[in-house]
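In my numbering, the protein residues as written are 61 to 442.
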Amino acid sequence: MTPPELVLLILLLLSLTLLGLAARAILRRSDEALRQVERIRDLESRMAELEKLVALREAGLDLADDAVLYLDGRRRIQYLNRAAEEMIGPRRGQVLTDAVRDRDLDSLLRRSIAEGQGQSAVLQLDWPPRLVRASVSLLGPSGILVVLSDQTELRRLQQVRRELVANVSHELRTPLASLQVLVDTLIGGAVDDSEARDQFLSELREQVGHMSELVRKSLHLAALESGRLESEFEQLEPRELVEPVVSRLRRRFERAGIRLEVEVPNDLPRVRADADQIGQVLTNLLENALRWTPKEGTVRICAEDRGEVVRFRVSDSGPGIPSEALPRLFERFYKADSARSGEGTGLGLAIAKHTVLLHGGEIWAESRASEGATFYFTLPTA
Ligand SMILES: Nc1ncnc2c1ncn2[C@@H]1O[C@H](COP(=O)(O)OP(=O)(O)OP(=O)(O)O)[C@@H](O)[C@H]1O
Ligand SMILES: [Mg+2]
Numbered sequence: 061m062t063p064p065e066l067v068l069l070i071l072l073l074l075s076l077t078l079l080g081l082a083a084r085a086i087l088r089r090s091d092e093a094l095r096q097v098e099r100i101r102d103l104e105s106r107m108a109e110l111e112k113l114v115a116l117r118e119a120g121l122d123l124a125d126d127a128v129l130y131l132d133g134r135r136r137i138q139y140l141n142r143a144a145e146e147m148i149g150p151r152r153g154q155v156l157t158d159a160v161r162d163r164d165l166d167s168l169l170r171r172s173i174a175e176g177q178g179q180s181a182v183l184q185l186d187w188p189p190r191l192v193r194a195s196v197s198l199l200g201p202s203g204i205l206v207v208l209s210d211q212t213e214l215r216r217l218q219q220v221r222r223e224l225v226a227n228v229s230h231e232l233r234t235p236l237a238s239l240q241v242l243v244d245t246l247i248g249g250a251v252d253d254s255e256a257r258d259q260f261l262s263e264l265r266e267q268v269g270h271m272s273e274l275v276r277k278s279l280h281l282a283a284l285e286s287g288r289l290e291s292e293f294e295q296l297e298p299r300e301l302v303e304p305v306v307s308r309l310r311r312r313f314e315r316a317g318i319r320l321e322v323e324v325p326n327d328l329p330r331v332r333a334d335a336d337q338i339g340q341v342l343t344n345l346l347e348n349a350l351r352w353t354p355k356e357g358t359v360r361i362c363a364e365d366r367g368e369v370v371r372f373r374v375s376d377s378g379p380g381i382p383s384e385a386l387p388r389l390f391e392r393f394y395k396a397d398s399a400r401s402g403e404g405t406g407l408g409l410a411i412a413k414h415t416v417l418l419h420g421g422e423i424w425a426e427s428r429a430s431e432g433a434t435f436y437f438t439l440p441t442a
């Protein structure tokens, strides 16, 4: 091998070695790049998981009935769930006490922060005008969680219950007093007089019956008012609602000498109703009409298609209802003519109103002096 050839060979070997080194370096780099890419992918999928978790938690919080707010260290709203938005509007970014204007809430927050400990209190907010239980929790050095749970409905229910108890006790007082008199008279000797005894006993039975009706209807109304009544809504033809009630009451109309006319066409649209509950509404309207219509009078029950609703109508040829009494008829225990409606509880129409409202319908009465009374109610079509 000549010297120039040797030099060439050495140069060749050298460049091959260099090439090898370069190739290895490049390969190492691309390995690293691949690892980097994998790391980024991993991070991305973790981010997606995290986003999913956050979304899931927010969706969960949105289902809550309580207003949940997360504040930063400067008491600005960073997050609020749906209930909070419904209560105070979309106030993200605002300082809480600008969005909910209330001194007591402000001092609850300050106290919690100053004492480094969560606190809670029942507050009557100035705006929005709500009664709430406010709970403040401190999350880490600068995060504050505020939960406002609305007590307005709870208080309303407590109020309803209190009024009901007061009303029922008041209404029970009269029949209880008559019971007392009847029992005292019986014990005082009437028990030995068979005629007087039978009369007193039948009065006793009537009073007891009235009292148990009063209690039964009061409980029914209380369940309706507090939303505790369980309903079984079905798609029913209007005549399926009317016919059972009419056949149950027909004999009583016959005995009272009152004509009962039924006009419920077969081709009416179906309505969404709880058959038992609407049956009780119709029963009360027909029993009222029966009670107030004189012998040889007429009571009519009709149903007609009014587009989105079916309208039921019960009219009678009785004395009618004075116009000043019309707006109060659906109040509980209200009797337009207490002398004549003695045997009733005064709860039938209050129950009817709540039942119809629960069904998404409306109920009202019309009457002109001495032209009889007409009651209407509607039920949405199914
Ligand atoms: N068809 C009617 N004609 C005249 N007055 C009526 C008629 N329907 C209702 N009223 C008046 O409305 C009042 C309230 O009726 P509601 O059905 O609520 O109670 P009630 O019939 O007295 O008691 P209950 O329904 O428990 O038997 C009645 O006491 C009566 O004064
Ligand atoms: Mg009645």
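Ideal placement from N, C-alpha and C gives every residue a C-beta, glycine not left out.
Treat the numbers as computed from the prediction; the structure is a model and nothing was measured.
Residue i classed as buried or exposed, judged by whether at least 16 other C-beta atoms fall within 10 angstroms
{"i": "L389", "result": "buried"}
{"i": "W187", "result": "exposed"}
{"i": "T77", "result": "exposed"}
{"i": "R190", "result": "buried"}
{"i": "P298", "result": "buried"}
{"i": "G176", "result": "exposed"}
{"i": "L208", "result": "buried"}
{"i": "R170", "result": "exposed"}
{"i": "R392", "result": "buried"}
{"i": "N326", "result": "exposed"}
{"i": "D122", "result": "exposed"}
{"i": "V67", "result": "exposed"}
{"i": "D334", "result": "buried"}
{"i": "D376", "result": "buried"}
Residue i Cβ short of 7 Å to ligand 1 heavy atom set
{"i": "G378", "result": "yes"}
{"i": "A349", "result": "yes"}
{"i": "A429", "result": "no"}
{"i": "T358", "result": "no"}
{"i": "I318", "result": "no"}
{"i": "L389", "result": "yes"}
{"i": "N344", "result": "yes"}
{"i": "I381", "result": "yes"}
{"i": "W187", "result": "no"}
{"i": "K355", "result": "no"}
{"i": "W424", "result": "no"}
{"i": "Y394", "result": "yes"}
{"i": "A433", "result": "yes"}
{"i": "K277", "result": "yes"}
{"i": "D397", "result": "yes"}
Residue i, enclosing beta strand (DSSP E) - first and last residue
{"i": "Q458", "result": "Because the chain here runs from 61 to 442, residue 458 falls outside it and cannot be looked at."}
{"i": "V128", "result": "127-131"}
{"i": "P440", "result": "433-440"}
{"i": "A412", "result": "Not the beta strand (DSSP E): A412 falls in the alpha helix (DSSP H), residues 408-418."}
{"i": "S427", "result": "423-427"}
CA nearest to the CA of residue i, picked from the options
{"i": "P440", "options": "L296, P325, D327, P379", "result": "L296"}
{"i": "R161", "options": "L183, Y394, R171", "result": "L183"}
{"i": "G357", "options": "R315, E285, L281", "result": "R315"}
{"i": "S195", "options": "H414, A181, R215", "result": "A181"}
{"i": "A385", "options": "P379, S377, K395, F260", "result": "K395"}
{"i": "L264", "options": "R151, T234, R360", "result": "T234"}
{"i": "P304", "options": "Q177, L346, E290, S278", "result": "L346"}
{"i": "T157", "options": "E175, G178, E146, R134", "result": "R134"}
{"i": "D210", "options": "L198, V192, V374, I204", "result": "V192"}
{"i": "L417", "options": "D122, R257, I338, S427", "result": "I338"}
{"i": "A174", "options": "R308, A442, P201, I148", "result": "P201"}
{"i": "S229", "options": "R163, G249, M271", "result": "M271"}
{"i": "K413", "options": "Q219, R257, I148, P387", "result": "P387"}
Residue i Cβ short of 7 Å to ligand 2 heavy atom set
{"i": "L409", "result": "yes"}
{"i": "G287", "result": "no"}
{"i": "G404", "result": "yes"}
Neighbour flag for residue i against chain D, beta carbons, 8 Å
{"i": "D253", "result": "The structure shown contains no chain D, having only a single protein chain."}
Element boundaries [alpha helix (DSSP H), containing residue i]
{"i": "A385", "result": "Per DSSP, A385 belongs to no alpha helix (DSSP H) and is neither H nor E."}
{"i": "V114", "result": "63-123"}
Next on the checklist: Suppose only complete runs of 4+ residues qualify. What are the alpha helix (DSSP H) ranges in the region 329-373, listed by chain order?
Outcome noted: Fully enclosed alpha helix (DSSP H) runs of no fewer than 4 residues occupy 335-352 of the region 329-373, in order along the chain.
Item to check | In chain order, each beta strand (DSSP E) run of at least 3 residues that lies wholly inside the region 285-324 | outcome: If we require 3 residues or more, the beta strand (DSSP E) runs fully inside the region 285-324 come out as 294-296, 319-323.
Checklist entry - In the region 156-233, which residue ranges form an unbroken alpha helix (DSSP H) of at least 4 residues, counting only runs that do not cross its ends? => result Annotation note: the region 156-233 contains the following uninterrupted alpha helix (DSSP H) runs of length 4 or greater, listed N- to C-terminal: 156-159, 163-175.
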